[in-house]
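Q: Residue numbers (my numbering), protein chains in the order written: chain A, 1 to 327; chain B, 1 to 79.
By construction, the Cβ of each residue, glycine as well, lies at the ideal position given by its N, Cα and C atoms.
Here's a structure for you.
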Amino acid sequence: MSEASEVVRRPTHLPKPRGPLSERVVAALVDGRPLPERPAVLDEEDGAITLWTIDELSYRGFAEVDDDREWDPSVVRLRRQLEHDLEARLRARWPGRPAYDGGVGAFPDALFAEIEAHEGPSLARYVHTDATADQVLELLQLRSIYHLKESDPVAWVVPRLPVAARASLMELQYDEYGAGRPEQLHAALFAKGMAALGLDPTEHAYVDQVPLEVLEQNNAMSLFGLNRRLRGAALGHLAAFEATSSLPSRRMAQGLERLGLAEEMRAYYLEHVEADAVHEQLAARAICGSLLAEEPELEDDVWLGAFTCLDLEDRLAAHLLDRWGAA
Amino acid sequence: MRPDDVTGAVTRGEERSTPDVVVCPGGPLLIRGDHVVQDEDGVAHPTTRPVSAVCRCGKSATKPWCDGTHKAIPDKLRP
């Protein structure tokens with residue numbers, strides 16, 4: 001058995017519906033019937049799990065659903081309607097691009113300054129000093145929805161970029177994907193950590209437990225990745241994600257050590273301390289910098305993506321810390 | 001610095017050689033490709049990724065590699 005076996009493709013299972021729309025959609029995906037349109041009244045969580053399920057058809061799919069449904073017109077129609085809702089919500093939350101001198105060439109330093117000034121609740125800080133082992137295991141289960149497909153949403157952006165940004169993004173992605181070594185793929189490192197902790201490393205295993213905030217994080221990344229129009233937001237999200245990873249990953253590793261949790265998961269976070277100290281520079285300077293040099297009209301979208309990354313993480317942190325009585 | 005100077009990519013039809021070493025303002029030194037970095041104590045550290053970041057602020061806990069600590073120290077102490 002190879003070390004990478006934890007992420008070898010396996011049949012995965014559809015999520016539990018969270019309302020009338022997802023109930024109809026899950027049933028129709030299995031039966032091969034056309035999907036309904038977005039109803040006039042829709043609960044956010046019902047909409048979010050439905051969009052997540054549809055987006056999943058573009059990643060690894062589901063054992064119970066015919067692969068051909070990905071581009072079924074009724075599936076695409078509902079996906080667009082739900083994506084429209086999500087994008088409108090994300091844009092409504094965005095306060096707009098911060099003021100800075102120097103034009104688009106000053107973007108990288110302006111982004112680092114903005115992130116430094118950003119004060120949000122921090123799950124990593126709580127894990128470092130206070131969280132119980134059960135809370136950390138719960139957090140890792142929620143994180144697994146993304147970490148088991150780490151870097152996949154932004155991979156869709158590659159062929160949509162001008163030359164310099166495309167080359168730079170591939171340089172970063174090559175590292176994320178293990179530089180040719182499957183056992184070093186970041187998603188595989190996380191799967192290995194999960195298995196060592198006695199958690200199920202199968203993709204989607206914990207999707208029924210994740211709150212709306214986690215679904216929105218994942219849906220936003222898929223929205224930005226799947227729509228060429230939103231390539232600026234995808235790369236802005238990437239830059240903010242990388243720039244808020246190194247120091248929190250160190251805190252996560254220290255928290256895992258404090259609790260005596262598996263070395264393999266600590267290794268995943270320690271890898272990110274070092275890798276993301278490189279990636280944050282590449283993402284802000286080489287990738288977003290190159291994109292904006294050639295497509296300066298995408299500046300607002302890059303900031304929208306960066307803000308969305310920070311904002312959705314704040315929402316998840318606030319939700320969890322509140323539930324844990326740690327806010 | 002113009003962003004295309006950072007990437008050294010081919011832009012506007014000009015041929016540019018991609019820089020192997022890039023100084024990041026206030027941050028690390030990026031080195032592209034396979035290298036062996038010798039630290040202050042003479043210990044050799046081979047690079048393990050396509051691009052590596054070498055600490056310039058002196059405060060990294062994973063020297064010679066950057067761990068992002070430059071962001072946690074006062075502006076005037078940053079490289």
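1) Please go through the same chain and pick out, in chain order, the residues whose beta-carbon is closer than 6 Å to the beta-carbon of B:ALA61, but skip the five residues on each side of it.
2) Bridge partners for B:TRP65 per DSSP, in chain order?
3) Could you tell me the alpha carbon to alpha carbon distance between A:SER2 and A:ALA40, rounded to whole angstroms?
4) Let me confirm a value: A:HIS147 is counted as buried when at least 16 other C-beta atoms fall within 10 Å, else exposed. Which label applies?
5) Determine, using beta carbons only, whether A:ASP43 and A:GLY19 come nearer to each other than 7 Å.
6) Using a Cβ-Cβ cutoff of less than 7 Å, which residues in the same chain neighbour B:TRP65 once the five nearest sequence positions on both sides are dropped?
7) Among the candidates A:GLY120, A:LEU111, A:LEU51, whose CA atom is the shortest distance from the CA of A:GLU83?
8) Within 10 Å of its beta-carbon, does A:ASP46 have 16 or more other beta-carbons around it, so buried, or fewer, so exposed?
9) Return the chain-ordered list of same chain residues with a C-beta closer than 7 Å to the C-beta of A:GLU23, the five sequence neighbours on each side being excluded.
10) Classify A:GLN173: buried if its beta carbon has 16 or more other beta carbons within 10 angstroms, exposed otherwise.
11) Using a Cβ distance threshold of 8 Å, determine whether the stretch 296-314 of chain A contacts the stretch 92-100 of chain A, with at least three qualifying pairs required.
12) If the cut is a Cβ gap below 8 Å, which residues of chain B does A:GLN217 touch?
13) Where do the ends of the alpha helix (DSSP H) carrying B:PRO46 lie?
14) According to DSSP, what are the bridge partners of B:ILE31?
15) For the stretch 125-140 of chain A and the stretch 168-184 of chain A, state whether three or more C-beta atom pairs, one from each stretch, are separated by less than 8 Å.
16) For A:PHE112 versus A:LEU292, is the C-beta spacing smaller than 7 Å?
17) On the premise that A:GLU271 lies in contact with A:LEU189, defined as a C-beta separation below 8 Å, what is that separation, rounded to the nearest angstrom?
18) Find the nearest neighbour of A:ARG77 within the set A:GLU114, A:GLY102, A:PRO34, judged by alpha-carbon distance.
19) Would you say A:ASP301 faces chain B, with C-beta separation under 7 Å as the test?
20) List in chain order: all unbroken alpha helix (DSSP H) runs of 4+ residues lying wholly within the stretch 199-228 of chain A.
21) Between the C-alpha atoms of A:ALA92 and A:PHE307, what's the straight-line distance to the nearest angstrom?
22) Exposed or buried, what is A:THR53 when buried is set at 16 or more other beta-carbons lying within 10 Å of its beta-carbon?
23) Buried or exposed for A:GLN217, please, with buried defined as at least 16 other CB atoms from any protein chain shown within 10 angstroms of its CB.
24) Could you name the residues of the same chain whose beta carbon sits closer than 8 Å to that of A:LEU14, not counting the 5 residues immediately before and after it, in chain order?
25) Mind checking whether B:PRO46 and A:ASP175 have CB atoms under 7 Å apart?
26) Can a CB atom of chain A be found closer than 7 Å to the CB of B:LEU80?
A: For this structure:
1) Beyond the five residues adjoining it in sequence on each side, B:ALA61 comes within less than 6 Å, by CB distance, of ASP67 in the same chain, given in chain order.
2) Residue pairing for B:TRP65: DSSP places it in a beta bridge opposite B:VAL54.
3) Per-residue confidence for A:SER2 stands at a pLDDT of 44, beneath the threshold of 50, marking its modelled position as unreliable; no derived number is given.
4) buried
5) yes
6) SER52, ALA53, VAL54, CYS55
7) A:LEU51
8) Here A:ASP46 is buried, its C-beta having at least 16 other C-beta atoms within 10 Å.
9) PRO17
10) buried
11) yes
12) None at all; the shortest Cβ gap to chain B is about 22 Å.
13) If you look at B:PRO46, you'll find it isn't in any alpha helix (DSSP H); it sits in the beta strand (DSSP E) that goes 44-46.
14) B:VAL21, B:SER52
15) No, the stretch 125-140 of chain A does not touch the stretch 168-184 of chain A.
16) Taking 7 Å as the Cβ cut-off, A:PHE112 and A:LEU292 do not qualify as a contacting pair.
17) 6 Å
18) A:PRO34
19) No, A:ASP301 does not count as interfacial toward chain B.
20) 212-226
21) The alpha-carbon atoms of A:ALA92 and A:PHE307 are separated by roughly 12 Å.
22) buried
23) buried
24) The answer, listed in chain order, is VAL26, LEU29, VAL30, THR53, PHE62, GLU64, VAL65.
25) no
26) An answer regarding residue 80 of chain B cannot be provided, because it is not within the stretch 1 to 79 covered by chain B.
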